[in-house]
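Heads up: the sequence shown begins at 18 in the numbering used here, then just goes up one per residue. Heads up, the beta-carbon is just placed ideally off N, CA and C, and yes, glycines get one too.
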Amino acid sequence: MSDEINNNYPAAPDFASESPINLPSNQPKAEYGSDLIAEIMGALGHEYLFLTPGSSFRGVHDSLVNHTRNHKPQIILVAHEEMAVAMAQGYSKATGKPSMCFLHDLVGVQHATMAFYNAMADRMPIVVLGGSGPADPAHRRKTDWIHSAQAQCDIVRDVTKWTDEPITLQATLDSIVRAQKIATSAPCSPTYVSVDVVVQEDEIPDGVTMPDTSLPRYQAPAPIAAPTEAVEAAVDLLTEADWPLIFGGRIGYIEESTQPMIDLVETLGAAYQDGHDIICMPSNHPQNLNASFGRTKAEGEYKKMLLGKADTIFCLDCLDISNNVGAYEGARGAGLSVEDKPKKIIDLSLNDFAIEHWSNIGGPLPPVDVQLQADNLYGLNQVREALHRRAEGNPAWTKRAAERRAEIGEMHDKLRTQQKEAMKAKWDQVPIYLPRMTSELYDAVKDKNWLLASRNYRAWYDGIWEFDRAGRFMSNSIGGGIGFGAAGVIGSALAGRDRGQFTVAIIGDGDFTMGPAALWTAVHYKIPILIVLHNNTSFGNDEEHQISLAGRRGRPAENAWIGQRMVGPEPDYCTIARGYGAWAEEAVRDPAKLKEAFRKAVEVVDGGGVALVDVHTSLN
Numbered sequence: 018m019s020d021e022i023n024n025n026y027p028a029a030p031d032f033a034s035e036s037p038i039n040l041p042s043n044q045p046k047a048e049y050g051s052d053l054i055a056e057i058m059g060a061l062g063h064e065y066l067f068l069t070p071g072s073s074f075r076g077v078h079d080s081l082v083n084h085t086r087n088h089k090p091q092i093i094l095v096a097h098e099e100m101a102v103a104m105a106q107g108y109s110k111a112t113g114k115p116s117m118c119f120l121h122d123l124v125g126v127q128h129a130t131m132a133f134y135n136a137m138a139d140r141m142p143i144v145v146l147g148g149s150g151p152a153d154p155a156h157r158r159k160t161d162w163i164h165s166a167q168a169q170c171d172i173v174r175d176v177t178k179w180t181d182e183p184i185t186l187q188a189t190l191d192s193i194v195r196a197q198k199i200a201t202s203a204p205c206s207p208t209y210v211s212v213d214v215v216v217q218e219d220e221i222p223d224g225v226t227m228p229d230t231s232l233p234r235y236q237a238p239a240p241i242a243a244p245t246e247a248v249e250a251a252v253d254l255l256t257e258a259d260w261p262l263i264f265g266g267r268i269g270y271i272e273e274s275t276q277p278m279i280d281l282v283e284t285l286g287a288a289y290q291d292g293h294d295i296i297c298m299p300s301n302h303p304q305n306l307n308a309s310f311g312r313t314k315a316e317g318e319y320k321k322m323l324l325g326k327a328d329t330i331f332c333l334d335c336l337d338i339s340n341n342v343g344a345y346e347g348a349r350g351a352g353l354s355v356e357d358k359p360k361k362i363i364d365l366s367l368n369d370f371a372i373e374h375w376s377n378i379g380g381p382l383p384p385v386d387v388q389l390q391a392d393n394l395y396g397l398n399q400v401r402e403a404l405h406r407r408a409e410g411n412p413a414w415t416k417r418a419a420e421r422r423a424e425i426g427e428m429h430d431k432l433r434t435q436q437k438e439a440m441k442a443k444w445d446q447v448p449i450y451l452p453r454m455t456s457e458l459y460d461a462v463k464d465k466n467w468l469l470a471s472r473n474y475r476a477w478y479d480g481i482w483e484f485d486r487a488g489r490f491m492s493n494s495i496g497g498g499i500g501f502g503a504a505g506v507i508g509s510a511l512a513g514r515d516r517g518q519f520t521v522a523i524i525g526d527g528d529f530t531m532g533p534a535a536l537w538t539a540v541h542y543k544i545p546i547l548i549v550l551h552n553n554t555s556f557g558n559d560e561e562h563q564i565s566l567a568g569r570r571g572r573p574a575e576n577a578w579i580g581q582r583m584v585g586p587e588p589d590y591c592t593i594a595r596g597y598g599a600w601a602e603e604a605v606r607d608p609a610k611l612k613e614a615f616r617k618a619v620e621v622v623d624g625g626g627v628a629l630v631d632v633h634t635s636l637n
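Following this line, the structure appears as structure tokens:
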């Protein structure tokens with residue numbers, strides 16, 4: 018292996034198409050190990066490969082361009098390894114399909130570890146490949162000693178579902194296929210395969226065969242069904258309940274879950290809330306009691322009231338059941354704990370199959386009475402069908418369910434009125450009130466086939482943004498690691514572009530500051546997206562924590578801004594965005610100018626462009 022570098026770069030012919038030139042009309046037979054690795058990516062169905070270049074996979078990079086011709090998969094160039102994995106996460110979230118990344122060895126993989134964690138928490142099926150080695154020291158170049166490790170998988174083993182470091186070409190091909198099967202088997206999670214440099218760059222040895230990816234042994238297994246006796250036990254509790262409450266979780270990524278969820282809620286006569294930062298039910302459904310008040314005390318009090326009324330709670334693939342059911346105590350429980358009232362808890366999830374020994378994802382062991390271990394959509398339909406069978410010929414029960422529907426409908430109307438009134442109180446506030454920004458943005462895009470890729474939870478008043486179904490909102494990182502935002506939403510926008518959706522995202526300034534270079538990828542690959550920056554010049558969530566803590570300690574809250582505010586100078590995000598080729602005008606500081614700013618941005622995105630609107634917002 019030569020360590021020579023050719024500095025005589027040829028002129029780039031056409032960046033827009035990124036189509037290789039000077040290649041034979043027909044794809045020649047694979048010659049090198051990397052040729053087969055590139056082919057297996059396409060055979061597994063990958064349209065795109067997210068990567069930041071690295072010398073440890075120069076063999077695969079060459080094959081992707083000059084053997085498979087930058088087609089299935091197409092290279093998506095990203096400015097940072099963490100962004101590459103985040104972009105893949107956003108793409109998988111929007112499509113429901115597996116995605117693939119390639120990372121430089123050791124240093125690149127270390128860059129990406131936070132994004133691995135976010136994807137793991139979000140249960141996204143991402144196959145990550147990483148160049149490595151060479152395993153044989155005799156073949157190592159100078160940088161290979163610095164950038165490789167004895168056990169590269171150790172870096173990400175705690176934030177992946179499965180890892181492997183094969184040392185032959187045949188084993189590498191088999192491992193890549195296996196990695197996808199494991200990543201896509203419920204509960205989904207990222208996998209990682211280290212690909213040796215020598216395996217990539219050597220000629221194909223005799224006897225190597227390509228795995229037939231169509232064979233059943235390479236496919237994810239069928240959805241897991243809950244045992245019949247567990248389903249019947251759950252239905253027993255639901256039909257015996259006086260006031261049932263349903264929480265929806267990760268199932269909200271699946272558009273097909275909308276009608277079964279509505280049917281379950283209506284048949285049962287149950288109240289409904291979203292169990293985490295995911296939208297599962299239409300906003301205007303009369304049994305939807307989502308109660309955001311912009312993280313005010315009113316929000317906590319409302320949830321406390323609901324938990325006080327409920328005697329049976331059904332959680333559908335929720336991230337943190339203990340939080341849903343009010344099991345947390347003390348200051349960290351956000352005031353959600355309720356008076357001791359007997360409750361029955363049903364958990365439909367595969368959470369127990371996704372345990373990470375080092376991570377506390379999911380909170381403490383929840384107080385579950387019936388455990389339904391099943392695929393979320395399949396299990397939902399099992400419960401729904403059993404409930405229908407139970408309701409037939411039981412007029413007394415159906416009458417009680419109808420009475421609850423009427424009661425909950427009145428609560429829904431009253432709640433939405435309260436939320437609107439709370440929003441009006443600060444409507445003309447300067448800096449701009451986040452709910453107003455959200456309301457004006459929704460008005461600008463509501464007539465489009467929109468996809469909301471992300472939003473800041475503090476910008477929300479339920480009912481401002483009218484969701485008609487699940488699968489319209491991609492939520493945030495789930496793992497809570499900021500820096501996900503810009504790259505993650507562009508991954509979702511890539512999926513949105515391919516199926517004709519208008520993608521819009523709301524991102525905090527702190528989150529955006531960690532990865533503005535993701536805009537270049539969107540502009541370069543013509544991925545239309547409208548990014549709205551809610552810019553409170555602060556790491557606002559943490560500033561609020563400082564305010565709260567100061568209050569409990571009797572210390573001046575006026576100092577909470579120190580070490581939180583990005584001022585002196587304020588970053589000029591519009592100039593930064595324009596520097597990467599996006600459209601951006603001056604920051605919006607006057608709420609009366611929101612409408613026009615959003616109108617212009619929508620026109621840009623309608624024309625296939627990338628637009629950023631910087632909105633100066635209040636902390637509260």
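According to the DSSP secondary-structure assignment, M117 is paired through a beta bridge with V144. In the structure shown, I271 falls within a coil segment according to DSSP collapsed to helix, strand and coil. The three-state reading of DSSP puts K361 in strand, counting E and B together. Going by beta carbons, D328 and A419 fall outside the 7 Å limit. Around the beta carbon of V521, 16 or more other beta carbons sit within 10 angstroms, so the residue counts as buried. Cα atoms of N43 and A391: separation of roughly 47 Å, rounded to the nearest angstrom.
C332 has F264, D364 as its beta-bridge partners, per DSSP. When DSSP reads this structure, G525 sits in a beta bridge with H551.
Cβ-Cβ distances below 7 Å link G527 to I499, F556 in the same chain, with the five nearest sequence neighbours on each side left out; the list follows chain order. Contact annotation: the segment 500 to 507 does not touch the segment 476 to 489, with fewer than three C-beta pairs closer than 8 Å. Across the structure, A403 and P261 are spaced so that their CA atoms are roughly 16 Å apart. In the three-state reduction of the DSSP assignment, Q236 falls in the coil class, being assigned neither a helical nor a strand state. Annotated three-state conformation of V82 is helix, per DSSP. If you look at Q91, you'll find it in the beta strand (DSSP E) that goes 91 to 94.
Counting along the chain, the unbroken beta strand (DSSP E) around H633 starts and ends at 627 to 633. DSSP, read as helix, strand or coil, puts Q581 in coil.
Runs of the beta strand (DSSP E) lying entirely within the segment 188 to 241 and spanning at least 3 residues, in chain order: 208 to 213. Counting along the chain, V619 sits inside the alpha helix (DSSP H) bounded by residues 611 to 623.
Taking C-beta atoms under 8 Å as the contact rule, N393 and I268 qualify, at a distance of about 4 Å. Rounded to whole angstroms, the gap between the alpha carbons of A132 and Q91 is 21 Å.
When DSSP states are grouped into helix, strand and coil, W162 belongs to the helix group.
DSSP links D479 through a beta bridge to W482. Unbroken alpha helix (DSSP H) stretches of 4 residues or longer found wholly inside the segment 395 to 443: 412 to 441, given in chain order. When rounded, the separation of the alpha-carbon atoms in E560 and W578 is 6 Å. Under the three-state reduction of DSSP, L566 is assigned to helix. Membership of A470 in the beta strand (DSSP E) is indicated by the continuous run 467 to 471. Rounded to whole angstroms, the Cβ separation of D122 and Q169 is 6 Å, and the two are in contact under 8 Å. Counting of Cβ neighbours within 10 angstroms places A510 among the buried residues, the total reaching 16 or more. Look at the beta carbons and you see the segment 523 to 542 not touching the segment 563 to 578: under three pairs across the two are nearer than 8 Å. Counting only residues of its own chain and dropping the five nearest sequence neighbours on each side, S274 has a CB closer than 6 Å to the CB of I268, L394, A487. Relative to R75, the option among K110, D153, F119 whose CA is nearest is F119. Looking at the backbone, the Cα of V619 and that of T201 are separated by about 35 Å. In the same chain as K361, and ignoring 5 residues on each side of it, the C-beta atoms closer than 6 Å to its own belong to L254, T329, D386, in chain order.
Judged by beta-carbon spacing, H156 lies within the 7 Å limit of V215, meaning their Cβ atoms are closer than that value. With 16 or more other Cβ atoms from the protein chains shown falling within 10 Å of its own Cβ, L190 counts as buried. Given a length threshold of 3 residues, each whole run of the beta strand (DSSP E) inside the segment 31 to 78 is given here in chain order: 65 to 68.
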